[in-house]
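In short: position in the sequence shown from 1, add 768, done, that's my numbering. Since the structure comes first, as structure tokens, the remarks are kept for the end.
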Amino acid sequence: MRREALSNLGTRVQQWLLPLRCLLCGASGANGMDLCADCAAELPRNLSCCERCALPLAVPAALCGECQRRPPPWDAAWAPFRYAWPLDRLESRYKFGRDLAAGRVLSSLWQTESRAAVLPELILPVPLHRSRLRQRGYNQALELAKPLARAFDVPLEHDLLQRQRATPAQTELDAVTRRSNVRGAFVLRPGISLPVHVAILDDVMTTGATLAECTRVLKRAGVQRVDVWALARAPSPGRR
Ligand SMILES: [Zn+2]
Ligand SMILES: [Zn+2]
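Below, the structure is given as structure tokens:
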């Protein structure tokens, strides 16, 4: 039996044993997810956004003001959702509440969103410092990336890009402090060879400071095209 058929069978057995339940409202799940069709339809899609940094825009425009003045170091951004209700509820349960079922729902949702035609040759999730990894127990970006990499048939490396310095959480910082906070925080494992086109993946993108710093590291190592992928884009705090 092919692996895919086996895994479909596995999914059916699991669903029979454990029926799908919407994590947001408790109704029956739909489309193989622990999320009902109504809640899935309410998730805020990031349809009108900056082409370069995926910043949500009220009116369609190719580039946001910031990207016109000072373009980010990456080549393209893909963030299919906006970080807003009710997606933020699933994300915070996943990231801070150890709710891995919420993470599975988020990754499944991400897979079904439309994406650029050209896929990268490698996906690198933003790494956590080992102290944070110990605290949380899992890297939320890596766990979102695994099913996505399988679905797109793109290799995934979890320890090629490494965080060599523990940095304070970006959440409480403004845009300028965020940039200096992550400067020099990432390194590449020595002696590796990288493909021409790489995607860096994170769960939520806010100012993009972390993704920009990772991009610089990859470009310095000779990567020609870097895409940044985030599940959701938050409006940037004080980004000027
Ligand atoms: Zn629901
Ligand atoms: Zn932009």
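From the three backbone atoms N, C-alpha and C, an ideal C-beta is built for every residue, glycine too.
Which stretch, first to last residue, makes up the alpha helix (DSSP H) that contains residue i?
i, result
"residue 915", "908-920"
"residue 930", "First-last for residue 930: 929-931, but that is the beta strand (DSSP E), not the alpha helix (DSSP H)."
Identify, in the order they occur along the chain, each residue of the same chain with its Cβ nearer than 6 angstroms to the Cβ of residue i, setting aside the five sequence neighbours on each side.
i, result
"residue 1008", "Low confidence applies to residue 1008: its pLDDT is 38, below 50, so where it sits in the model is not reliable, and the reading given next is rough at best. Same-chain partners within the cutoff: there are none."
"residue 778", "none"
"residue 852", "812"
"residue 952", "none"
"residue 944", "none"
Taking 7 angstroms as the cut-off, is the C-beta of residue i nearer than that to any heavy atom in ligand 1?
i, result
"residue 803", "yes"
"residue 792", "yes"
"residue 806", "yes"
"residue 795", "yes"
Taking 7 angstroms as the cut-off, is the CB of residue i close to at least one heavy atom of ligand 2?
i, result
"residue 982", "no"
"residue 820", "yes"
"residue 874", "no"
"residue 831", "yes"
"residue 834", "yes"
"residue 1032", "The structure shown does not extend to residue 1032, since the chain spans only 769 to 1008, so no value can be given for it."
Note the first and the last residue of the continuous beta strand (DSSP E) segment covering residue i.
i, result
"residue 997", "993-1001"
Among residues of its own chain, excluding the 5 on either side of residue i, which ones have a beta-carbon nearer than 7 angstroms to its beta-carbon?
i, result
"residue 960", "928"
"residue 863", "908, 971"
"residue 1003", "824"
"residue 957", "927, 928, 930"
"residue 947", "977"
Using C-beta distances below 8 angstroms, list every residue in its chain close to residue i, excluding the 5 sequence neighbours before and after it, in chain order.
i, result
"residue 995", "842, 843, 844, 845, 846, 884, 888, 965, 966, 967, 968"
"residue 861", "791, 867, 870"
Comparing alpha-carbon positions, which option in the options lies nearest residue i?
i, options, result
"residue 918", "858, 855, 891, 958", "891"
"residue 831", "818, 825, 1000, 973", "818"
"residue 868", "784, 894, 904, 951", "904"
"residue 1001", "810, 793, 894, 970", "970"
"residue 813", "803, 848, 825, 780", "848"
"residue 926", "907, 935, 866", "907"
When you compare only the Cα positions, how much space is there between residue i and residue j?
i, j, result
"residue 932", "residue 954", "6 angstroms"
"residue 993", "residue 962", "11 angstroms"
"residue 823", "residue 980", "14 angstroms"
"residue 983", "residue 796", "41 angstroms"
"residue 975", "residue 825", "15 angstroms"
"residue 880", "residue 773", "20 angstroms"
"residue 792", "residue 999", "18 angstroms"
"residue 816", "residue 850", "10 angstroms"
"residue 986", "residue 911", "22 angstroms"
"residue 938", "residue 804", "32 angstroms"
"residue 788", "residue 865", "20 angstroms"
"residue 723", "residue 934", "Absent from the structure is residue 723, since the part of the chain shown begins at 769 and ends at 1008."
"residue 784", "residue 876", "19 angstroms"
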